[in-house]
Structures are given as C-alpha cells and as structure tokens.
Amino acid sequence: MGQMDKKLLIFGCGYSARFICEKLIPDGWKIFGTTRKKNDFAKLMKLKIEPVFWDDSATIASILSEGCSLLSCIAPKGSFDDGLTRLLQLIKVNATTVNWIGYMSSTGVYGDRSGGWVTEDSALDTTTTQGLARISAEKNWQILASEHQIPLFIFRIAGIYGPGRSVFDRIKAGTAQKVIKSGQYFNRIHVDDLAGAVSLSLLKPKLAGIYNISDNLPSSGADIIDEATKIIGISILPEVSFSDANLSTMARSFYMDSKRVSNKKLTESLQYSLKYSDYFSGLRAIKRTG
102 MGQMDKKLLI FGCGYSARFI CEKLIPDGWK IFGTTRKKND FAKLMKLKIE PVFWDDSATI
162 ASILSEGCSL LSCIAPKGSF DDGLTRLLQL IKVNATTVNW IGYMSSTGVY GDRSGGWVTE
222 DSALDTTTTQ GLARISAEKN WQILASEHQI PLFIFRIAGI YGPGRSVFDR IKAGTAQKVI
282 KSGQYFNRIH VDDLAGAVSL SLLKPKLAGI YNISDNLPSS GADIIDEATK IIGISILPEV
342 SFSDANLSTM ARSFYMDSKR VSNKKLTESL QYSLKYSDYF SGLRAIKRTG
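Each residue of the sequence shown is one higher than the last, beginning at 102 in my numbering.
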C-alpha cells in the first residue's frame with residue numbers, strides 16, 4: 102500500500118482501536134477516529150488520532166471521499182448498525198472512495214458447541230439477541246462490499262484482554278469470581294495481537310474474508326484466574342459453582358456457550374504470527390508492563 106493510501110477512518114474509536122492506531126501511526130498512517138463524546142477529543146489527540154464527532158457527517162464524508170480504509174468497531178443494536186447505516190448514506194450520494202473495509206464481529210456468532218471446535222466455515226448457531234444481531238450485521242456488510250467491490254475483512258474476535266482490561270483488574274477490584282462450570286471453554290485474544298492482525302490485513306486486501314481472531318489455548322475462566330493469582334503471588338480464589346455465582350445477565354449468558362475457536366486461517370492464510378499465543382504469555386506481559 103502506497104503512502105497516499107495510508108489513511109484509516111475508525112468508526113467507534115475505543116479500547117481496541119487505540120491499540121491498532123499505536124501499530125499503524127509509526128508506519129506513516131493517518132488515523133481518524135469517531136467518538137460520540139467531545140470530552141474524548143483530547144485523549145484521541147494525545148494518541149495522534151484525529152478525532153471526529155460522530156454527528157459531524159460533513160467531516161466524515163470529506164475523509165471518505167479522498168480514498169480511505171474504514172474499520173467499523175460499532176456493535177449493532179438489534180437490527181440497526183450505526184456504522185453500516187452511515188456508510189450507506191454516504192455511498193448513496195457518491196460521497197465515498199473506500200478501498201478497504203474491516204468489521205469487528207465476535208466469535209459469539211457460533212453459539213454453543215459443547216466444547217467442540219469451530220472454524221470460519223462453521224454454522225452460525227447463536228441464539229442470543231446480540232449474536233443474532235452480529236450475524237445480520239455481517240451479512241449486510243458483505244452485501245455492501247460485494248455490490249461496491251470493496252475488500253472486506255470480518256474479524257470474529259474472541260474475548261479481548263490487555264492492559265487495563267484483564268483479570269488482574271477484576272482481582273484488584275474484588276469482583277473476580279472463579280466460576281466452575283463443567284466442560285466450559287473460552288478463547289481469548291490479547292489486544293496487541295488483535296491490533297497486529299488488523300494492521301496486517303490492511304496490507305493484504307487480496308486475502309479479504311472472515312477470520313477468527315483468537316489465541317491457541319481455549320480454556321476455562323477458572324484457569325485464567327488461577328494463573329493470575331499465581332503470577333501476583335496471592336492465594337487462589339475459592340471456587341464458585343455456576344449456579345451459585347453472582348453474575349449479571351450478560352455474564353451469565355456468556356457462560357451458556359462453550360466452544361474452542363480455531364485460528365488456523367489467521368496464522369496460515371493471513372500468516373499472522375501471534376505475539377501472545379496463550380494466556381500464560383499474555384498475562385505475564387500485562388504484569389510486566391503494569
């Protein structure tokens with residue numbers, strides 16, 4: 102990708118997007134990030150991201166009209182996808198020249214597999230409201246990209262963790278629960294690897310498609326907590342059965358799915374090399390830096 106093409110607009114410039122920017126800006130990328138809060142402008146500018154207020158349609162149209170890559174990190178709300186709707190509005194008035202699209206989805210679209218493996222070709226069996234909304238959003242992004250011949254990467258992302266957003270923070274806050282549920286498997290991904298995979302995909306538009314973004318080691322949440330307590334040198338937390346755990350509705354629904362997510366396409370087709378291939382290395386890296 103030439104220097105003239107190194108421009109990225111991010112819809113929803115939150116936690117993960119900021120790590121992506123840290124990868125790209127040193128390589129000469131100009132990054133624009135939308136936010137709904139003008140109070141976030143200073144934070145984004147400190148990261149060398151040019152902030153754009155979400156309601157400023159004219160500025161968004163101007164950025165997209167000059168040749169730009171677009172990454173949407175906005176989660177759908179029911180059948181409505183803000184990012185998709187905004188782009189469709191601009192396309193209708195010929196206000197865009199988009200040369201690459203990335204959409205941040207979730208491995209939640211696969212639903213429950215009772216601990217079995219899933220790949221990008223597996224059926225999408227989720228029954229949750231948010232999972233179904235993700236499936237609908239993916240299909241609509243695929244329709245848009247196909248109609249306008251734009252390379253589209255759909256990133257189905259496992260549980261994201263990293264500095265300031267890890268089990269260490271929950272232990273420190275006293276909210277960590279070592280929930281025990283037989284046969285439970287989760288995948289996760291260190292935010293630095295998520296950023297690395299997205300950054301690499303920008304350089305490989307011909308490999309557009311759906312990619313699972315996950316580590317190599319599916320495991321239970323209890324295993325993660327045990328490793329974290331070992332790293333920081335405190336006593337292991339007591340076990341809490343799933344039926345007795347004090348969980349929010351969202352957290353409880355999270356435990357209803359058990360699957361192991363394959364990242365073979367990510368590592369072999371896109372040829373991304375994981376920096377933190379499992380939670381052992383990922384947690385230790387967080388502890389070293391924080």
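Idealized CB from N, CA, C, for every residue including glycine. These numbers were taken from a predicted model, which means no experiment stands behind them.
Inset, instruction - Identify whether Val-194 lies in helix, strand or coil by the three-state DSSP scheme. - result: coil
Inset, instruction - Report yes if the CB atom of Ser-359 is closer than 8 Å to the CB atom of Arg-214, and no otherwise. - result: yes
Legend entry - Runs of beta strand (DSSP E) lying entirely within the segment 283-332, each at least 3 residues, in chain order: 289-291, 310-314
Inset, instruction - Give the C-beta separation of Ala-298 and Ile-311 to the nearest angstrom, bearing in mind that I take them to be a contact with Cβ-Cβ under 8 Å. - result: Ala-298 to Ile-311, Cβ: 13 Å. No contact.
Inset, instruction - Grab me the residues of Leu-371's own chain with a C-beta within less than 8 Å of its C-beta, minus the 5 sequence neighbours each way, in chain order. - result: Ala-298, Leu-301, Ser-302, Lys-305, Leu-308, Tyr-312
Inset, instruction - Would you check if there are 3 or more beta carbon pairs closer than 8 Å linking the segment 165-181 to the segment 225-242? - result: yes
Inset, instruction - Tell me whether Lys-376 is buried or exposed, calling it buried when 16 or more other Cβ atoms sit within 10 Å of its Cβ. - result: exposed
Inset, instruction - Can you have a look at Gly-103 and say buried or exposed, based on whether 16 or more other CB atoms are within 10 angstroms of its CB? - result: The predicted position of Gly-103 is uncertain, since its pLDDT is 48 and thus under 50; no value can be drawn from it.
Inset, instruction - Go to Cys-174, then tell me how far its alpha helix (DSSP H) extends in each direction, as first and last residue. - result: That residue, Cys-174, is in no alpha helix (DSSP H); it is neither H nor E in DSSP.
Inset, instruction - Give the single residue among Gly-168, Leu-185, Cys-169 whose Cα lies nearest to the Cα of Ile-175. - result: Leu-185
Inset, instruction - Give the straight-line distance between the Cα atoms of Leu-110 and Gly-216, rounded to the nearest whole angstrom. - result: 37 Å
Inset, instruction - Look at the alpha carbon of Asn-317 and the alpha carbon of Cys-114, and state the distance between them as a whole number of angstroms. - result: 27 Å
Legend entry - Gly-203 - DSSP class collapsed to helix/strand/coil: strand
Inset, instruction - Kindly indicate the opening and closing residues of the alpha helix (DSSP H) around Lys-240. - result: 230-249
Inset, instruction - Have a look at the DSSP bridge pairing and note the partners of Phe-112. - result: Ser-173
Inset, instruction - Report the rounded CA-to-CA distance for Glu-395 versus Ser-206, giving the unit in angstroms. - result: Outside the displayed range of the chain (102 to 391) lies residue 395, so it cannot be described from this structure.
Legend entry - Element boundaries [alpha helix (DSSP H), containing Thr-390]: 380-390
Legend entry - C-alpha distance - Asp-141 paired with Glu-151, whole-angstrom precision: 11 Å
Inset, instruction - May I ask which residues mark the beginning and end of the alpha helix (DSSP H) holding Thr-160? - result: 158-165
Inset, instruction - Tell me, please, whether the CB atom of Leu-245 is closer than 8 Å to any CB atom in chain B? - result: Looking at the structure shown, chain B is missing, and only one protein chain is on hand.
Legend entry - Residue range of the alpha helix (DSSP H) that includes Arg-353: 350-355
Inset, instruction - May I have the straight-line CA-CA distance separating Tyr-286 from Leu-384, to the nearest angstrom? - result: 18 Å
Inset, instruction - Count the CB pairs spanning the segment 239-246 and the segment 362-371 that are closer than 8 Å, and state whether there are at least three. - result: no
Legend entry - 8 Å Cβ cutoff met for Thr-227 and Gly-203: no
Inset, instruction - Rounded to whole angstroms, what's the CA-CA distance from Arg-271 to Ala-277? Just pull it up for me. - result: 5 Å
Inset, instruction - Measuring alpha carbon to alpha carbon, tell me which of Val-280, Arg-389, Phe-355 ends up nearest Leu-338. - result: Val-280
Inset, instruction - Mark Val-194 as exposed unless 16 or more other C-beta atoms lie within 10 angstroms of its C-beta, in which case mark it buried. - result: exposed
Legend entry - Three-state secondary structure assigned by DSSP to Gln-104: The predicted position of Gln-104 is uncertain, since its pLDDT is 46 and thus under 50; no value can be drawn from it.
Legend entry - Beta-bridge partners of Ser-223, as assigned by DSSP: DSSP, once it has assigned bridges, lists no residue as partnering Ser-223.
Inset, instruction - Could you spell out where the beta strand (DSSP E) holding Lys-50 opens and where it closes? - result: Since the first residue of the chain shown is 102 and the last is 391, residue 50 is not available in this structure.
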